[in-house]
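FYI, the numbering for the sequence shown is 847 to 1725, going by this note's numbering.
One structure is given below, encoded as structure tokens.
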Amino acid sequence: MTINILAGVDTRQRGTGKGPTILLLGITLLYLLLELAFSARLLDAAGGMATFDEIKAIEHWGRTLSGIALALFAWGWILKRTWYAFLKVMAMAAAVIVAVPAMFTAQDALVKAIVSSTDGKQRRDAAFLVQATRFMLGGQLSIAELDLPENTWQSPEAKAFLAAFPLLASDLKGLEKTANDILRTTLRNHLTSGCTPGKDGCLGSFSAFNNDLWRPLIAEVNAAYRSYADGVNRYVEATRDTTAEQDGAWKTYTGKLAEKGYRPGTVPRLGWSRVRRDVQAQGIPVDNDWRPDDRAGFNRAVAASIRRKADTAYDTEMRAQLDAVLPKDLTVATFMAHPALQKRLHLRFRTGDLGISLPYVTQPEDVEKQAYQPLLAAAVDHQIRTLTARPSDFADGGRHAVLGRVSTERLVVPPLALGFSLLGGLTHTMKCLYLVLVLLTNRRWPGGLAIGGVLSAALTGGLMADNALTRSPVYATLESQLREARGPLIAGGIRWMVQVEHFVYPVNEALRRSVLLGLTYGFQPPPLPSLPDGPVRLTQTGGSASGPAPAPAPAPAPAPVPGRTPEPAPAQTIAETPAPVIACASEVQAHRGGRPFPENTAAAIRAAARSGFSAAEIDIQPLSDGGWALHHDAVTGRAVSGPRDAVTGRAVSGPRRPAATFTTAQWRNLRALDENGKDAGPASVLEDAIDASNSFGIRLNIEVKAPASCRQIDALLEKTAALTQPPYWSTAFPAVARCLADRQVEYLGLVVGPADPGAAPTAAAAKAAAIAGKLGMDTTRLRAAAADAYDAGTNRTALEEAGMAAAAATLNGARRQGLHIPHTDVTAALMTRASSLGLSVGVYASGGDDRGMADTLRRMPGQAPAIIITDASPTLFCP
847 MTINILAGVD TRQRGTGKGP TILLLGITLL YLLLELAFSA RLLDAAGGMA TFDEIKAIEH
907 WGRTLSGIAL ALFAWGWILK RTWYAFLKVM AMAAAVIVAV PAMFTAQDAL VKAIVSSTDG
967 KQRRDAAFLV QATRFMLGGQ LSIAELDLPE NTWQSPEAKA FLAAFPLLAS DLKGLEKTAN
1027 DILRTTLRNH LTSGCTPGKD GCLGSFSAFN NDLWRPLIAE VNAAYRSYAD GVNRYVEATR
1087 DTTAEQDGAW KTYTGKLAEK GYRPGTVPRL GWSRVRRDVQ AQGIPVDNDW RPDDRAGFNR
1147 AVAASIRRKA DTAYDTEMRA QLDAVLPKDL TVATFMAHPA LQKRLHLRFR TGDLGISLPY
1207 VTQPEDVEKQ AYQPLLAAAV DHQIRTLTAR PSDFADGGRH AVLGRVSTER LVVPPLALGF
1267 SLLGGLTHTM KCLYLVLVLL TNRRWPGGLA IGGVLSAALT GGLMADNALT RSPVYATLES
1327 QLREARGPLI AGGIRWMVQV EHFVYPVNEA LRRSVLLGLT YGFQPPPLPS LPDGPVRLTQ
1387 TGGSASGPAP APAPAPAPAP VPGRTPEPAP AQTIAETPAP VIACASEVQA HRGGRPFPEN
1447 TAAAIRAAAR SGFSAAEIDI QPLSDGGWAL HHDAVTGRAV SGPRDAVTGR AVSGPRRPAA
1507 TFTTAQWRNL RALDENGKDA GPASVLEDAI DASNSFGIRL NIEVKAPASC RQIDALLEKT
1567 AALTQPPYWS TAFPAVARCL ADRQVEYLGL VVGPADPGAA PTAAAAKAAA IAGKLGMDTT
1627 RLRAAAADAY DAGTNRTALE EAGMAAAAAT LNGARRQGLH IPHTDVTAAL MTRASSLGLS
1687 VGVYASGGDD RGMADTLRRM PGQAPAIIIT DASPTLFCP
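Below is the structure:
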């Protein structure tokens, strides 16, 4: 009996000994196939143009597979049990139900813990690096010393490098300055050529914007306007002729009075109030002092009742269609300009944060000037302000906290998911090998030896098999800084991942395409753009695009006509051709506005916008009532003839007196003079400049031309808060610069005067020199002292090493800082020194010699200034 029992046990174990192992091997092989194919598709997403939402979606597949992997370990134990089949099935199902959510939760908690451990600066850097990676994928950014053939960037190791790049570069020294240097040009190029129009704020080329985004939007506006006009016309029809309703209501009223033996004129005074209440109860809102025989008042009340019902119907219809009640007299242009429509349109474009009103324009040239260019400029400025905001803004509770956390997660998730996927594939490859050897040998130790060998070969071989990417100097620099900041384990893990993908991706992708019939895991990657292959620093591979600025709005369309639905004009299609741009590494700004209008006027600012300048540089002087005048000189009445004034050639007429003695109203009564000295309209004040800037979408560079207190600066900043684009600031007065820097303005430049004032001595100075000569006085020391005073008053000392460091300290606090210097002082050494101190360089034409400035800058390839201030056309510098 005992033998029989033992025999039965032995038989049962022999019968089930290999069966569970074979079943487990089959399930593991199926899982391995899914895991390897998933790893290939994950690399396509993480190292390509996928959005973070797409990466997270495909990563959910990875978490599911990880949960199944965890369940498989439990299945190996369950299958060896001598339980009934039903219990095994239930236990295996329970293992999956428990393991998959557990793996989801564990990996999610790991990511959140990593994100929570970062500070505001790290999150801001992550936001920039995530954007920089998209620049690289879009072809607008290359990396120094990665001089590789173009097809290298399509390779598996390049995809792995791009997926890990944000993490690799997260500890790069000088990252903040690098971000400030490259963002403007790369953002503009990325929003126009390195993305899909209509996706994630991308505008695309102008032709794509007009044909694919603007025309459908205008068609929707036209359809909505037709519905609105129909509602207006129904209202007009309902309230047009109320005579019949008034007559019917009066007949009903008099009939009820007749039933009681009265006529309107015979109702006793004591009964008037009761009659009024009865009429009001019928829905006719007669006045409380209405007399029963007042037919005119009765008719007015009936008409009011009709209008009220029509208003209610109109309001209900408008709220159902537009979620707002619109005025009944809108043209199609004012309809589109209504805040309710703007809100809906901005939700579609995802441009609600830009502060731009989308105009009703249908002609391609108007679309480009009034919609495309302002949207593009505002989008670039908004992203720059966001990505260069203070670190505290990205910390928890800050205004960019969500962006900071999402960007940090985007930095962590791709390399983490790729690492888990590769390790999962390696683990289950070893498991399959182990199970095969156990089945073949009925021994465990051969499988153990094989696992050890495969694991050693995979880890060691992966770390030693370097490639063109990991041999590059820049990779060595990134890896060294990452190892120093985060330890050798993370740095080594990324190297292993980048190098091993070269071997495993082709196999994984072949399995996905051939065995799994092209299973996509919910993601279809777009083609990866080619990256530039020239050796450049972490800088722009293309210049900024400064297109034409908006023109004045066209005349409004006709108002709705009762009884007829107006037909708005359809937007026109244009051919798919590149939009004309001015490619330039510098911002070209119009000196005191654009020609031929008087300097420092709203008209000159509008002219600058129409000429394609990126900004208008203007001068301001304080007025006696707290206002600010647009004026260069401290005193009015400058002559407009002579060699000095031939440079600027424009001024303000009026009595020769200090600008600070005028009120705003008095200043507006002065006249601006053109370059020929002719009256060209009223002089401008700051509010005029703000209106021109907002209307035409051009930035202002405001130079404070007089000493001012910090209290005056605070009041000035309150006024300029009305600008849709944060202004640049500049001044020659260090005390003013310190006040502006302390307020953390967007950009602040310290103006340096020319070496030679460029003017003949004044009559008084010449007379003093003549007297000194007659007396035999040595004026050498006097002239030297005068020169020193001139250098100090014009910030010439800022061109020297110590003085430049002092200037940088003065400007510290502004988000971007710079020196504005004459072109005659520009040298490669000076620009290098300024860059080392975190200072941009702005250049203006000394003596008005714009062509001389252009020649100077052409002789300095690769060292373009950040800003060029000129009276000439921007094409002189950016052909």
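Note that the Cβ used here is the ideal one computed from N, Cα and C, for glycine as well.
Predicted model, so just to flag it, every value in this text is computed and none were measured.
Report the option in the options whose CA atom is closest to the CA atom of residue i.
i	options	result
residue 1171	1179, 1178, 1177, 1157	1157
residue 1668	1699, 1674, 1682, 1657	1699
residue 1360	880, 1722, 867	880
residue 1650	1595, 1697, 1661	1595
residue 947	1017, 1482, 934, 916	916
residue 1685	1691, 1705, 1713	1713
residue 1169	1159, 1151, 1190, 1154	1190
residue 1529	1567, 1579, 1465, 1541	1465
residue 1583	1259, 1647, 1662	1662
residue 1178	956, 1437, 1071	1071
residue 1000	1348, 1247, 1364	1348
residue 1309	1324, 1325, 1323, 1343	1343
residue 1204	1542, 1722, 1547	1542
residue 1434	1448, 1458, 1678	1458
residue 1138	1103, 1107, 1166, 1159	1103
residue 1260	1646, 897, 1679	897
Look up residue i in the DSSP assignment and say whether it is helix, strand or coil.
i	result
residue 1136	coil
residue 868	helix
residue 1676	helix
residue 1371	coil
residue 1130	coil
residue 1167	helix
residue 1184	coil
residue 1475	strand
residue 1383	Here residue 1383 scores only 38 on pLDDT, less than 50, and its place in the model should not be relied on; the value that follows carries that caveat. In this structure, residue 1383 counts as coil in the three-state DSSP scheme.
residue 1604	Caution is warranted here: a pLDDT of 43 is assigned to residue 1604, below 50, making its placement in the model unreliable, and the coordinate value is therefore given only provisionally. Of the three classes helix, strand and coil, the one that applies to residue 1604 here is coil, per DSSP.
residue 1246	coil
residue 1466	strand
residue 1715	strand
Excluding the 5 residues flanking residue i on each side, which residues of the same chain have their C-beta closer than 7 Å to its C-beta?
i	result
residue 1096	1141, 1144
residue 1531	1473, 1474, 1475, 1476, 1510, 1513, 1514
residue 1136	1122, 1143
residue 900	891, 1369
residue 1229	1033
residue 865	none
residue 1085	1152, 1153, 1156
residue 1292	1283
residue 1610	Residue placement at residue 1610 is poorly supported in this model, since its pLDDT is 49, which falls under 50; the coordinates still yield a value, given next. Answer for residue 1610: no residue qualifies.
residue 1055	1043, 1049, 1218
Would residue i and residue j be called neighbours here (beta carbons separated by less than 7 Å)?
i	j	result
residue 1652	residue 1665	no
residue 1219	residue 1207	no
residue 1008	residue 1328	no
residue 1034	residue 1226	yes
residue 965	residue 1016	no
residue 1589	residue 1563	yes
residue 874	residue 1246	no
residue 1258	residue 957	yes
residue 922	residue 870	yes
residue 1351	residue 1012	no
residue 1255	residue 976	no
Would you please state the rounded distance, in angstroms, between the beta carbons of residue i and residue j? I believe it to be under 8 Å.
i	j	result
residue 1453	residue 1441	7 Å
residue 1296	residue 1283	6 Å
residue 973	residue 1240	7 Å
residue 811	residue 1572	Because the chain spans 847 through 1725 in this model, residue 811 falls outside it and cannot be assessed.
residue 1539	residue 1451	6 Å
residue 1546	residue 1660	Residue 1546 to residue 1660, Cβ: 16 Å. No contact.
Considering only residues of the same chain and omitting the five flanking positions on each side of residue i, which have a CB-CB separation below 8 Å?
i	result
residue 1266	908, 912, 953
residue 1506	1467, 1468, 1469, 1470, 1480, 1552
For residue i, collect the residues of the same chain with a Cβ closer than 6 Å to its Cβ; drop the 5 residues on either side in sequence, then sort them by chain order.
i	result
residue 1005	889, 893
residue 1600	1668, 1692
Is there at least one non-hydrogen atom of the ligand MN closer than 6 Å to the beta-carbon of residue i?
i	result
residue 967	Within the structure as shown, the ligand MN is missing, as the structure has no ligands at all.
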